[in-house]
Amino acid sequence: MASLNVGNVGEFLREQRRNAKLSLRQLADAAGVSNPYLSQIERGLRKPSADILQQLAKALRISAETLYVQAGILDERERDDLLQVPAAILADPSINEGQKQALLQIYESFRKENGSAQQNGAGRDAGEDRRGEHAGRRRGKDNEGSENAENAENAGEDEAEATGADAR
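Under the UniProt record's numbering, the first residue of the sequence shown carries the number 1, and numbering increases by one thereafter.
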């Protein structure tokens with residue numbers, strides 16, 4: 001597990017709060033924490049728990065995992081995996097802040113949904129196998145779709161031959 005860097009998470013929270021155009025008091029109220037406590041977190045004087053980070057993430061409409069990474073709660077391997085998509089979304093200049101937050105929310109909800117399925121199954125390797133299996137099934141469905149289209153076309157040709165018309 002990476003070491004906790006309290007200052008970084010505080011600076012990151014302050015930046016996210018300002019991007020959301022929220023005052024310290026507004027964010028504290030929305031997250032259910034005291035104004036002085038939030039101020040101490042932002043200044044790097046206090047170490048927030050995972051629960052507090054989750055409340056702050058919800059109030060800021062950002063991924064809790066993003067805050068966990070900033071706080072050093074997640075290890076480096078998980079950090080790299082988790083930050084690729086959110087970083088790309090946040091860095092994209094062609095979408096506005098509201099759109100970025102919406103995309104991050106959707107992405108987070110999919111991750112939560114898929115994460116609970118993986119936790120009920122096996123570990124990371126099983127998740128990779130599932131993705132590969134799913135991709136294979138998807139390819140199979142694509143092939144079925146093209147086969148169905150081909151069969152429909154052939155049926156049209158057969159019907160046309162029976163009536164003496166050209167199906168094309």
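All C-beta atoms, glycine included, are put in the ideal place defined by N, C-alpha and C.
Using the three-state DSSP reduction, which class does I52 fall into: helix, strand or coil? As a position in the sequence shown, residue 52 is number 52, starting the count at 1. I52: helix per DSSP, three-state reduction.
Cα-Cα separation between L22 and A59, rounded to whole angstroms: For the purposes of this step, residue 22 is identified with residue 22 of the sequence shown, where counting begins at 1. For the purposes of this step, residue 59 is identified with residue 59 of the sequence shown, where counting begins at 1. Distance between the alpha carbons of L22 and A59 is about 10 Å.
Label G10 either buried or exposed according to how many other C-beta atoms from any shown protein chain fall within 10 Å of its C-beta, with 16 as the threshold for buried. To locate residue 10, count along the sequence shown from 1; it is residue 10. Label assigned to G10: buried.
Distance between beta carbons of S63 and P86, contact taken as under 8 Å: Taking the sequence shown and counting its residues from 1, the one referred to as residue 86 is at position 86. Taking the sequence shown and counting its residues from 1, the one referred to as residue 63 is at position 63. Indeed they touch by this definition, with Cβ atoms about 6 Å apart.
Euclidean distance between Cα positions of D51 and E65: As a first step, residue 51 is located in the sequence shown; it is residue number 51 there, counting from the start. As a first step, residue 65 is located in the sequence shown; it is residue number 65 there, counting from the start. Using only the alpha carbons, I get a separation of about 12 Å.
Assuming R25 is part of the alpha helix (DSSP H), what are its boundary residues? The count along the sequence shown starts at 1 and reaches residue 25 at position 25. Residues L24 to A31.
Quick check on A88: buried or exposed, where buried means 16 or more other Cβ atoms within 10 Å of its Cβ? Your numbering for residue 88 matches position 88 in the sequence shown. Exposed: under 16 other Cβ atoms inside 10 Å.
Helix or strand or just coil, what does DSSP make of P86? Sequence index remark: in the sequence shown, residue 86 carries index 86 (1-based). Residue state, collapsed to three classes: helix.
By Cβ distance, which residues of its chain are closer than 6 Å to R46, with the 5 residues on each side in sequence left out? As a working mapping, residue 46 is identified with position 46 in the sequence shown. So the qualifying residues of the chain are Q40.
N19 by DSSP, collapsed to three states: which one? Stepping through the sequence shown from its first residue, residue 19 is reached at position 19. Helix.
Residues near Q16 by beta carbon distance below 8 Å, same chain, minus five either side: For the purposes of this step, residue 16 is taken as the residue at position 16 of the sequence shown. Excluding positions up to five away in sequence, the list reads L60 and I62.
Leaving out five residues before and five after P93 in sequence, what residues of the same chain have Cβ atoms less than 8 Å from its Cβ? Stepping through the sequence shown from its first residue, residue 93 is reached at position 93. Correct list: empty, nothing qualifies.
Thinking C-alpha only, which one of L103, A57, K100 and G44 is nearest A31? For the purposes of this step, residue 31 is taken as residue 31 along the sequence shown, with counting starting at 1. Considering only alpha carbons, the answer is A57.
Less than 8 Å between the beta carbons of L53 and Y68, yes or no? The residue given as residue 53 occupies position 53 in the sequence shown. The residue given as residue 68 occupies position 68 in the sequence shown. Cβ atoms of L53 and Y68: closer than 8 Å.
Just curious, the alpha helix (DSSP H) that N35 is in, first and last residue? By 1-based counting over the sequence shown, the position of residue 35 is 35. Run containing N35: N35 to E42, per the alpha helix (DSSP H) assignment.
Between which two residues does the alpha helix (DSSP H) holding L67 run? Here residue 67 is taken as the residue at index 67 of the sequence shown, counted from 1. That run of the alpha helix (DSSP H) goes A64 to A71.
Here's the rule: buried if 16 or more other CB atoms are within 10 angstroms of the residue's CB, otherwise exposed. What is Q84? On the sequence shown, residue 84 is found 84 positions in, with the first residue counted as 1. By the neighbour-count rule (16 or more Cβ atoms within 10 Å), Q84 is not buried but exposed.
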